[in-house]
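Participant: Using this note's numbering, you'd call the opening residue of the sequence shown number 11 and step up by one each time.
The structure's right below; bear with me while I get my questions together.
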Amino acid sequence: MENTPPMTQETPESPATEQEPGRRDFLGMVTTAGAVTGVAACAIPFLESLTPQDSASAHMPVDVDVSKLAPGQQTTVVWQGKPVFILRRTPEDLAKLQDAALSDRLRDAASADLQQPAYAKNWHRSLTPEYGVYVGICTHLGCVPSYAPAPGAAPAADAKNTLAGGYACPCHGSKFDLAGRVFKGAPAPYNLPVPPYFMPNPTTIRLGENPKGQDFDFSTIVQI
Numbered sequence: 011m012e013n014t015p016p017m018t019q020e021t022p023e024s025p026a027t028e029q030e031p032g033r034r035d036f037l038g039m040v041t042t043a044g045a046v047t048g049v050a051a052c053a054i055p056f057l058e059s060l061t062p063q064d065s066a067s068a069h070m071p072v073d074v075d076v077s078k079l080a081p082g083q084q085t086t087v088v089w090q091g092k093p094v095f096i097l098r099r100t101p102e103d104l105a106k107l108q109d110a111a112l113s114d115r116l117r118d119a120a121s122a123d124l125q126q127p128a129y130a131k132n133w134h135r136s137l138t139p140e141y142g143v144y145v146g147i148c149t150h151l152g153c154v155p156s157y158a159p160a161p162g163a164a165p166a167a168d169a170k171n172t173l174a175g176g177y178a179c180p181c182h183g184s185k186f187d188l189a190g191r192v193f194k195g196a197p198a199p200y201n202l203p204v205p206p207y208f209m210p211n212p213t214t215i216r217l218g219e220n221p222k223g224q225d226f227d228f229s230t231i232v233q234i
């Protein structure tokens, strides 16, 4: 009698086997969604940090205590997102600023260009000779100049700036004196801007507010 191979009964795929591709797809979507959510959670604060701050607080005046600022020292604060240099000048500094030899080397010694309020259009470019207040942004391409307080103390990137101290831009070599006035021959076309400010008392400088009876809109300056 001929042996007949036993009939093999096909076993249906188990439910787990049938659902495996769908399950993998579902898990993949959950994982992707979680990753996207995580990236978005990180990206949103980062993008918000790049958004200009238009709130009223961003334009509020900033009070700076200069009671501990020694003659010859400078402090830097932030006003409306800009670095502002506040320098306490020495009597020697002030004498140098009035030197005719220095004025001859400056592009705009008399501050004829609108880079400062009317109350700072003077030989020291400030409310009081003792304190200089400037927006610390080079008027060439926007780098932040370095403070060189005395002859021979210039930054290494600009070792030739030995005239009466001042500021030197590390990017393209523009030089400014201790009143923020640009030297001739520098790529920067204008003096450092002077922001609106006044002194409510002898040891406080209030940035962003003009003295009583004065009106100066910082947005009207020639260039920053």
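C-beta: ideal position from N, C-alpha, C; glycine also.
1. Where do the N-terminal and C-terminal ends of the alpha helix (DSSP H) with Leu-107 fall, by residue?
2. At the level of alpha carbons, what is the spacing between Asp-103 and Asp-109?
3. Pull the bridge partners of Ala-178 from the DSSP assignment, please.
4. DSSP three-state label for Thr-214, please.
5. From the DSSP output, which residues share a beta bridge with Pro-206?
6. Which residues does DSSP list as the beta-bridge partners of Gln-84?
7. How many Å lie between Val-94 and Lys-194 at the Cα?
8. Can you confirm whether the stretch 111-125 touches the stretch 76-88 when touching is taken to mean that 3 or more C-beta pairs between the two stretches lie within less than 8 Å?
9. Quick one: grab the DSSP three-state call for Tyr-200.
10. Considering only residues of the same chain and omitting the five flanking positions on each side of Ser-77, which have a CB-CB separation below 6 Å?
11. Indicate whether Lys-149 and Tyr-200 have their beta-carbon atoms separated by less than 8 Å.
Facilitator: According to the data block:
1. Taken as a continuous stretch (DSSP letters only), the alpha helix (DSSP H) holding Leu-107 covers 101-107.
2. Distance between the alpha carbons of Asp-103 and Asp-109 is about 10 Å.
3. Answer is Ser-156 and Lys-185, bridged to Ala-178.
4. Three-state DSSP puts Thr-214 in a strand.
5. Pro-206 pairs with nothing; no bridge assigned.
6. In DSSP, Gln-84 forms a bridge with Leu-97.
7. In a straight line, the C-alpha of Val-94 is about 23 Å away from that of Lys-194.
8. Touching, no.
9. Of the three classes helix, strand and coil, the one that applies to Tyr-200 here is coil, per DSSP.
10. When the five nearest sequence neighbours on each side are left out, the beta carbons in the same chain lying within less than 6 Å of the beta carbon of Ser-77 are those of Thr-213, in order along the chain.
11. In the sequence as presented, Lys is not what sits at residue 149; that position holds Thr. Yes.
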